[in-house]
Amino acid sequence: MKRPTIADIASRAGVSKVAVSYALNGQPGVSAATRARIIAIADEIGWRPNSAARALNGARANCVGLALSRPARILGVEPFFMELISGIEGVLADRSYALLLQVVAGHQQESEVYRHWWGESRIDGVFLVDLHYSDARVAELERLGMPVVVIGHPSESGSLSAIWSDDGQAVRETVDYLVALGHRRVARVAGLPELVHTAVRDQAFADACQGVAEHVTVHTDYTGEEGARATRRLLSSPDRPTAIVYDNDITAVAGLSVAQEMGVEVPRDLSIVAWDDSPLAQVVRPPLTALTRDIPAYGAHAAQRLLALIAGDSVPPYEDQAAALTPRGSTGPAHS
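full-length UniProt numbering numbers the first residue of the sequence shown as 1 and each following residue consecutively.
This is how it looks when you write it as structure tokens:
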């Protein structure tokens with residue numbers, strides 16, 4: 001079917017295309033009754049502004065972008081990004097904004113995508129996630145001059161506005177809890193080592209365990225396969241840990257399955273903690289102790305700040321609420 005045009009509206013309303021343009025753009029030159037009739041016809045036939053034409057006129061795209069350098073198969077099973085996007089979408093929908101989402105192979109392609117979107121006036125701003133140290137994307141986005149909200153620690157966000165939470169605080173709370181339960185051999189199955197938030201957690205974990213517990217960190221790619229492999233290695237060691245903290249719920253559930261496969265009883269022989277609570281962490285048996293935060297709210301706060309930047313407001317860095325420990329059946333006193 002042909003896309004509805006201004007000419008179609010003009011024909012049905014019995015007016016000129018100039019009159020339709022005036023009415024739809026809120027300009028003077030038509031009566032209130034004519035304007036109302038034109039707008040009603042436009043709604044009836046499903047007419048929408050042409051984004052290319054709007055761009056030529058300097059109008060906003062009413063769209064923001066998010067490019068994710070993660071395998072699509074991981075995004076399909078990891079609740080974090082789905083919950084983050086749901087929070088972003090909730091705010092955008094209220095303002096009649098759209099989210100343009102694309103999965104890319106790496107940071108270079110991600111920067112190219114942002115350049116194309118911005119150059120073609122397809123977006124008014126973007127979110128930047130999975131921040132790395134000395135991240136080349138930050139310099140590129142600063143050069144482009146577009147509104148950007150970094151969902152990550154401000155220490156590596158340059159001049160871009162950032163929103164983050166204190167991962168170090170959550171790690172310390174978790175280690176203190178496990179030590180209070182008597183655990184003296186604690187492991188962590190972490191995420192990708194090049195990510196800033198992973199490094200923050202690595203350092204906080206080492207510091208919190210210093211002098212109170214033997215500790216080891218194993219890095220993975222957040223998948224269940226890698227989480228299972230790391231857990232098997234840890235539980236097969238002579239001095240196997242009595243507690244393991246996982247950097248996401250997928251690896252934690254995989255770790256629970258491996259423990260059961262190896263005859264290691266949870267929580268009697270092994271305590272498990274998952275970072276970021278989810279329905280998945282709650283439906284397994286035993287349900288997983290988890291670091292809980294309101295991820296949709298985190299996404300909503302990021303979206304609010306990006307829209308404020310687009311409107312021309314000054315948006316300082318914002319520290320959101322840190323994750324808090326929610327004890328469940330997967331943790332208990334150490335017995336070995």
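Note that beta-carbon positions come from the ideal geometry of N, C-alpha and C, so glycine has one too.
- Take LEU178, set aside five residues on each side of it, and the residues of its chain with a beta-carbon closer than 6 Å to its own are VAL186 and ALA243, in chain order.
- VAL216 is bridged by DSSP to ALA187.
- Distance from the CA atom of GLU261 to the CA atom of THR231, rounded to whole angstroms, is 11 Å.
- Burial check for HIS153: the Cβ neighbour count within 10 Å reaches 16 or more, so the residue is buried.
- Annotation: ARG328 to VAL113 spans about 43 Å, alpha carbon to alpha carbon.
- Each residue's CA atom was taken as its position, placing THR34 and ALA23 some 8 Å apart.
- Between GLN102 and ALA136, the beta carbon gap of about 18 Å keeps them out of contact (Cβ cut-off 8 Å).
- Between the segment 306-315 and the segment 262-272, the count of C-beta pairs closer than 8 Å stays below three; the two stretches do not touch.
- Annotation: the continuous alpha helix (DSSP H) that includes TRP118 extends over 107-119.
- Sequence-distant partners of ASP176 (beyond 5 residues in either direction) whose C-beta falls short of 8 Å from its own C-beta, in its chain, are ALA208.
- Here DSSP, grouped into helix, strand and coil, assigns ALA297 to helix.
- Of all alpha-carbon atoms in SER161, LEU270 and ARG229, the one lying nearest the alpha-carbon of ALA254 is that of ARG229.
- Cβ neighbours of ARG12 within its own chain (closer than 7 Å, five residues either side excluded): ILE41.
- According to DSSP, GLY65 shares a beta bridge with LEU100 and VAL126.
- DSSP places HIS197 within a helical segment (H, G or I) once states are collapsed to three.
- In the three-state reduction of the DSSP assignment, ALA162 falls in the strand class, which pools E and B.
- The beta-bridge partner set that DSSP reports for HIS132 consists of LEU195.
- Scanning its chain for C-beta atoms nearer than 7 Å, with the 5 sequence neighbours on each side dropped, one finds around VAL189 the residues VAL218, THR220, GLY227, ALA230, THR231, ILE244, TYR246, ASP247, THR251 and GLY255, in chain order.
- Beta-bridge partners assigned by DSSP to VAL150: LEU128 and ALA162.
- Residue pairing by DSSP places LEU291 opposite TRP275 and LEU325 in a beta bridge.
- Apart from the 5 residues on each side of it in sequence, GLU83 sits with its Cβ closer than 6 Å to the Cβ of ILE295 and PRO296 in its chain, given in chain order.
- Secondary structure at TYR318: strand, using DSSP grouped into helix, strand and coil.
- DSSP places TYR177 within a helical segment (H, G or I) once states are collapsed to three.
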